[in-house]
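Residue numbers (my numbering): 10 to 302.
To start, the structure itself, in structure tokens.
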């Protein structure tokens, strides 16, 4: 019987130091892209892919994330009294959006450790992992594309994209062979993964992006890892161990990925997403044309 992916895990315990001082008292996941916080884009993607249970791995100072997806009785009452039904509907839509559970990562001990924190809530079933910093604009949600691969293979699948030049050293990179005849040449069977290799040592141009469908075996492998530098557990190391027992696939997704964990990427995402908005795009485009660039 084929397994179904119902749960999506969001590691959100990072400190967001690249955006200080803005993230001194506000989680980086709550920084707004136009008028929605970064993490909401990922949650909406998970929902569109059919995930009905969201697990957010939080840390110290992340209470704003919980408040965002909770009911705000005072705000709703105020909007109702002031006769603002459209805003009231938007606020209620957020709180009614998902079934959400939270688990605390007391120390930032790596992405693998953050995923491992969700083990008890996920249980013995496959799950999605979404890194909210990677906002992916695609006609078919990126996670839904990965789920199509998982439904056929019943194996773990990671999102990948081609990265040219020395920039590849900023990513996890796969050593893989193409799987012929399926998914329009976008599917690869992973043989190995290397975290942030030197440009000349990268095994390919295929970089890992923040979307994963993982079988429950990943938790066993992460739990058995020996912590590395700083006591951290890396998800890449867990995936390499997983390869000793199961197949792992990489899928070149269709869509535009924005790295909102980077200041320039965040600005670019804000502008590009705003330009697509019917209520903002035309005026923003006209204003951009007036700039002396």
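All residues carry an ideal CB built from backbone N, CA and C; glycine is no exception.
These figures come from a predicted structure and were not determined experimentally.
Those residues which DSSP pairs with residue 169 across a bridge: 217, 261
Rounded Cβ spacing between residue 173 and residue 214 (contact assumed at less than 8 Å): 6 Å
Given a threshold of 16 other Cβ atoms within 10 Å of its Cβ, counted over all protein chains shown, does residue 259 qualify as buried or as exposed? buried
Less than 8 Å between the beta carbons of residue 312 and residue 154, yes or no? Only positions 10 to 302 of the chain appear in this structure, which leaves residue 312 out of reach.
Cβ of residue 25 within 8 Å of Cβ of residue 139? no
Between the alpha carbons of residue 182 and residue 202, how many angstroms are there, rounded? 6 Å
Which residue marks the beginning of the alpha helix (DSSP H) containing residue 293, and which one marks its end? 290-299
Simplified DSSP state of residue 60, which is helix, strand or coil: coil
For residue 19, the residue or residues it bridges with in DSSP: 65
Contact between the region 163-171 and the region 228-247 (3+ Cβ pairs under 8 Å): no
Beta-carbon proximity of residue 59 to residue 120, cut-off 8 Å: no
From the DSSP output, in three-state form, read off residue 302 for me. coil
Among residues of its own chain, excluding the 5 on either side of residue 36, which ones have a beta-carbon nearer than 6 Å to its beta-carbon? 71, 73, 74
Unbroken beta strand (DSSP E) run spanning residue 204, endpoints: 196-204
Beta-carbon of residue 49 versus every beta-carbon of chain D: anything under 8 Å? Structure shown: chain D not included; a single protein chain is present.
Segments of 4+ residues assigned as alpha helix (DSSP H) that fall wholly inside the region 105-149: 120-125, 128-131
For a test of the three-state rule: what should DSSP assign to residue 250, helix, strand or coil? helix
State the Cα-Cα distance for the pair residue 178 and residue 79, rounded to the nearest angstrom. 39 Å
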